[in-house]
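Asks:
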Amino acid sequence: MRYNKIVVILSIFIALTSMGCKKYLIDMNKDPNGIQPETTNPNLVLTKVLSSTGMTITNLGYGDIAGVMQHTQKDGWSGSHNNYEWGLSNDWTGYYDILRDNKFVYERAEALGYDLQKGVSLVMKSMVFGLITDLFGDAPYTAALNADKGGDENVFPVF
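One gets my numbering by counting positions in the sequence shown from 1 and adding 1 to each.
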């Protein structure tokens, strides 16, 4: 009886592991409807860069900076102005997200020969890095946006 249980458990284990080890498993997990970076039009990502930058600057002017300086007052029970409940929304992660998308726009525009998009991308890069410097002081610039290359010098860029 015990021998039969061992044989059944072993056969189930072998059946499950043999079904899970297929070479096409990686290809199966690719989304055929998803956007592939090598075929993406940079104009589509550029609109995200522009709108995200505009939204970030608008939120700074109304929601945070002006509230601290008491130029604005929110109605209701908002704690961001009156109680100074600062959360993690004021870090530079969002700014570097915009810059990563902007870097993608620049690289795709360069590959496709879209000079107008390259120019807009360079202006946006300068604007967002300038905003980061105005808000936070010294910030990673030269070694920034290279974390996908790996290595400590790229993952932890110097200021």
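Even glycine gets a Cβ: it sits at the ideal position worked out from N, Cα and C.
Just so you know, these numbers come straight off a predicted model, no measurement behind them.
(1) With distances taken Cα to Cα, identify the nearest neighbour of M128 among I7, D149 and N103.
(2) Tell whether a beta-carbon distance below 7 angstroms holds between V159 and A148.
(3) What residue from I36, F137, I10 and A16 has the CA that sits closest to W93's CA?
(4) Going by CA-CA distance only, name the one from K31, T18, I7 and V46 that's closest to Q118.
(5) Near L100, which residues of its chain fall below 8 angstroms by C-beta distance, leaving aside the five closest residues on each side in sequence?
(6) Buried or exposed: S52, going by 16 or more other Cβ atoms within 10 Å of its Cβ?
(7) Would you decide whether P43 is buried or exposed? Buried here means 16 or more other CB atoms lie within 10 Å of its CB.
(8) Could you check where the alpha helix (DSSP H) with K126 kicks off and where it finishes?
(9) Near K163, what residues of its chain come up, given a Cβ to Cβ distance below 7 angstroms and the 5 sequence neighbours on each side ignored?
(10) Tell me where the alpha helix (DSSP H) around T94 begins and ends.
(11) Using CA atoms only, rank isn't needed, just tell me which of A110, R3, I58 and K150 is closest to L123.
(12) Kindly indicate the opening and closing residues of the alpha helix (DSSP H) around E39.
(13) Within the continuous alpha helix (DSSP H) that includes N147, where are the two ends?
(14) Give the DSSP-derived three-state secondary structure of F14 in the structure shown.
Replies: Per the coordinate set shown:
(1) Residue N103 is the option with its Cα nearest to M128.
(2) No.
(3) Closest option to W93, Cα to Cα, is F137.
(4) Residue V46 holds the alpha-carbon nearest to the alpha-carbon of Q118 among K31, T18, I7 and V46.
(5) Spatial neighbours of L100 in its own chain (CB-CB distance under 8 angstroms, excluding positions within 5 residues in sequence) are listed in chain order as K126, V129, F130, A145 and L146.
(6) It counts as exposed.
(7) When all chains shown are included, P43 counts as buried.
(8) D116 to F137 is the span of the alpha helix (DSSP H), which, as asked, contains K126.
(9) The chain is shown from 2 up to 160; residue 163 falls before or after that span and cannot be answered.
(10) First-last of the alpha helix (DSSP H) with T94: T94 to L113.
(11) When only C-alpha atoms are compared, the closest one is A110.
(12) Per DSSP, E39 belongs to no alpha helix (DSSP H) and is neither H nor E.
(13) N147 -> no alpha helix (DSSP H), and no H or E assigned at all.
(14) If DSSP states are grouped into helix, strand and coil, F14 belongs with the helices.
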